[in-house]
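In the numbering used here, the protein residues as written are 1 to 434.
Backbone N, C-alpha and C fix where the C-beta goes; we use that ideal spot for every residue, glycine too.
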Amino acid sequence: MLINGFGMFILAFVLLLQITGINISTAQVFRENTDEKYSYNLRGYRFLILLGEDFDYHESMVIKKYWEDWGAKVDIAGTGKELKGHLWKKTDKGWDKSEEKTIKTDLLTSQVDLSKYNLIFFPGGNSPKNLLEKDSSLLMRLIQEAEKKGLILSAICHGPLALASAGVLKGHRVTGHYEIMKNIQEGGGEYVTGVCVVDGNVITGNWPYFESMAVKTAEKLLYPQGGGPSENSPFEQNPVLKVIKERRSIRRFQDKEVSQDTINILLKSATWAPSPNNDQPWRFVVLKDKKIKEMIVNAIMEKLSEYYKSEEMPLDRMKQYISGIFSAPVHIFALCDDSNIEEEEWKDIQMLWNMQAVSAGCQNILLAARGMGLGSLWIGLSLVAEDEIKSLLQIPAEIKLASVIAIGYPADVPLPPLRKPLSEVISLEKWGKR
Ligand SMILES: Cc1cc2nc3c(=O)[nH]c(=O)nc-3n(C[C@H](O)[C@H](O)[C@H](O)COP(=O)(O)O)c2cc1C
């Protein structure tokens with residue numbers, strides 16, 4: 001499928017991003033990199049990874065490597081002496097798990113002596129299912145014994161399935177792949193969405209947040225009362241940084257009104273943004289009317305349907321997605337007024353400044369929303385129907401549409417899409433100099 005930049009933009013949003021929130025370059029292997037450079041002394045600790053066939057290679061090996069780098073001894077117990085795992089990659093054609101990796105295990109699950117270990121860990125993929133199929137009573141006995149001994153019970157992605165089957169999740173807050181939500185709930189756990197959730201001795205996480213899983217398990221052992229380095233990170237301690245990091249693009253909203261006083265605070269936040277010469281070129285239209293929103297959805301669909309068809313993208317799903325993000329109780333239309341521009345010579349650069357100022361105002365709205373417990377979404381897609389939107393909202397021709405922001409109480413907060421590491425985006429002193 002050959003798609004242009006705009007096509008990639010839409011495809012990424014709708015087909016991939018809604019599921020994973022992730023959009024990085026071709027054949028990229030996904031893993032978290034927080035740039036925090038955590039380091040621990042795990043010398044003297046011994047961890048056990050329990051594996052079945054068709055395990056997720058990165059979930060197992062990346063986390064193992066973190067633990068080993070910090071000094072822990074890590075053994076792999078498997079259902080066989082050799083096991084096949086798979087690697088997830090994103091390519092131009094979508095997700096690819098065809099690359100296999102075979103590893104040698106250190107011991108068989110039947111040989112495990114739990115008295116040697118501080119922690120057991122279940123990676124995902126089909127490993128937990130295959131472990132259970134091979135010998136569920138052995139697995140349950142091991143997990144239940146580990147719980148009795150007070151070992152840390154950790155699992156990622158589909159891994160918590162094994163813990164759920166052994167009945168050790170009762171009363172615990174647990175995360176994992178949404179496909180096993182029901183298993184977790186049936187096993188007595190409370191399913192929550194999270195990068196890594198620590199509740200007592202149960203630590204569960206999600207793909208591809210391998211670093212968080214390694215960090216949280218290490219800290220549970222070294223700082224059992226809490227207060228480890230990850231909790232002291234500036235992005236946890238500083239309220240501004242915390243809001244910046246925890247703001248997410250929300251695409252599902254509760255059917256709950258947002259008061260006009262609250263909306264005014266968001267708009268006031270926008271007006272505290274910087275602007276060229278303090279010209280404040282931002283203007284806003286606040287829209288709550290559902291009928292007008294429906295017309296906007298239809299206008300966007302009309303603009304994009306030919307394109308969607310040509311790309312064989314399902315129109316009903318596209319409509320559902322666009323209607324979904326326009327079902328938020330409030331939409332703020334951020335507009336740019338260029339009437340401050342007087343000199344023709346500076347026109348282009350001033351127009352750019354104005355748009356940048358409006359964008360800074362928009363970002364303030366998103367952050368203020370997060371700070372006030374609201375969710376938001378910057379809907380760039382709406383620009384395809386700028387003329388129709390302007391006409392529906394009676395916006396004068398000379399005023400430009402900068403963006404549309406959905407606001408409401410979140411029904412669902414997605415996991416944070418990965419960020420490129422600083423090493424990929426910064427240069428020191430000169431371009432390209434790291
Ligand atoms: C200029 C701009 C346009 C965007 N347009 C859309 C959009 O049309 N639809 C959508 O679902 N998300 C849109 N987003 C949100 C991004 O997809 C999102 O910010 C990104 O995936 C990172 O996720 P996060 O915001 O949760 O950190 C837009 C973001 C920006 C800054």
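Discussion item. Short of 6 angstroms in beta carbon distance, which residues of its chain neighbour S249, apart from the five on each side in sequence? Order them along the chain.
Written reply: L377
Discussion item. Whole angstroms are fine: how far does the CA of K104 sit from the CA of I22?
Written reply: Note that I22 has pLDDT 36, beneath the 50 cutoff, so the model's placement of it is unreliable and the number below is only indicative. Straight-line Cα distance between these residues: approximately 32 angstroms.
Worksheet entry | Bridge partners - C196, DSSP secondary structure assignment | G205
Practice prompt. Measuring alpha carbon to alpha carbon, tell me which of V168, W207, K84 ends up nearest G200.
Written response: V168
Discussion item. Does the region 146 to 155 come into contact with the region 111 to 124, if we say contact requires no fewer than three beta-carbon pairs (one atom in each stretch) closer than 8 angstroms?
Written reply: yes
Item to complete: Just list the alpha helix (DSSP H) runs in the region 33 to 67, keeping only unbroken ones of 4 residues or longer that don't cross its boundaries, in chain order.
Response: none
Worksheet item: According to the Cβ coordinates, are S165 and L132 closer than 8 angstroms?
Response: yes
Worksheet entry | Coarse secondary structure for T262, derived from DSSP in three states | helix
Fill in: Distance CB(K442)-CB(L87) smaller than 8 angstroms
Residue 442 lies beyond the residue range present for the chain, which begins at 1 and ends at 434; the question has no answer from this structure.
Worksheet item: Would DSSP call A397 helix, strand or coil?
Response: coil
Practice prompt. Could you spell out where the alpha helix (DSSP H) holding A146 opens and where it closes?
Written response: 127 to 148
Worksheet item: Is P208 near ligand 1, going by C-beta to nearest heavy atom under 7 angstroms?
Response: no
Discussion item. Tell me whether G380, by its Cβ, gets closer than 7 angstroms to a heavy atom of ligand 1.
Written reply: yes
Worksheet entry | Nearest-angstrom Cα separation, counted from F253 out to P329 | 8 angstroms
Worksheet item: Buried or exposed: which applies to A397, given that a residue is buried once 16 or more other Cβ atoms fall within 10 Å of its Cβ?
Response: exposed
Worksheet item: Can you check whether the CB of G52 is closer than 8 angstroms to the CB of K182?
Response: no
Worksheet entry | Under the three-state DSSP convention, the category F210 falls into | helix
Worksheet item: With 16 other CB atoms within 10 Å as the buried threshold, where does S403 fall?
Response: buried
Item to complete: Grab me the residues of I322's own chain with a C-beta within less than 8 angstroms of its C-beta, minus the 5 sequence neighbours each way, in chain order.
Response: V297, I300, M301, L381
Fill in: Test: E388 CB closer than 8 angstroms to a CB of chain D
In summary, chain D is missing from the structure at hand, where a single protein chain is found.
Practice prompt. Assuming V243 and G371 form a contact by the criterion Cβ under 8 angstroms, report the distance between their Cβ atoms to the nearest whole angstrom.
Written response: 5 angstroms
Practice prompt. Please find out if some non-hydrogen atom of ligand 1 comes closer than 7 angstroms to the beta-carbon of L377.
Written response: yes
Item to complete: Alpha carbon to alpha carbon, how far is T204 from L418? Give it in angstroms, no decimals.
Response: 18 angstroms
Fill in: Backbone secondary structure at W272 - three-state DSSP
coil
Worksheet item: Which residue or residues does DSSP assign as beta-bridge partners of W282?
Response: C336
Discussion item. Quick check: is any heavy atom of ligand 1 less than 7 angstroms from the C-beta of I325?
Written reply: yes
Discussion item. Here's the rule I'm using: 16 or more other beta-carbon atoms within 10 Å means buried, otherwise exposed. How should Q350 be labelled?
Written reply: buried
Practice prompt. Report the residue from E429, G176, D92 whose alpha carbon sits nearest the alpha carbon of V198.
Written response: G176
Worksheet item: DSSP three-state call for P410: helix, strand or coil?
Response: strand
Worksheet item: Going by DSSP, which residues form a beta bridge with H331?
Response: L287, A406
Worksheet item: On the three-state DSSP scale, how would you describe I96?
Response: With the sequence shown as reference, residue 96 is identified as Asp, and Ile is not the correct amino acid for it. Here D96 sits in strand by DSSP.
Worksheet item: With a Cβ-Cβ cutoff of 8 angstroms, do V286 and G408 count as a contact?
Response: no
Practice prompt. Pull up the CB-CB distance for H331 and A406, whole angstroms please, since I reckon it's below 8 angstroms.
Written response: 6 angstroms
Discussion item. Any heavy atom of ligand 1 closer than 7 angstroms to the beta-carbon of S249?
Written reply: yes
Discussion item. By the DSSP assignment, the alpha helix (DSSP H) with V168 in it spans what residues?
Written reply: Taken as a continuous stretch (DSSP letters only), V168 belongs to no alpha helix (DSSP H), as it is neither H nor E.
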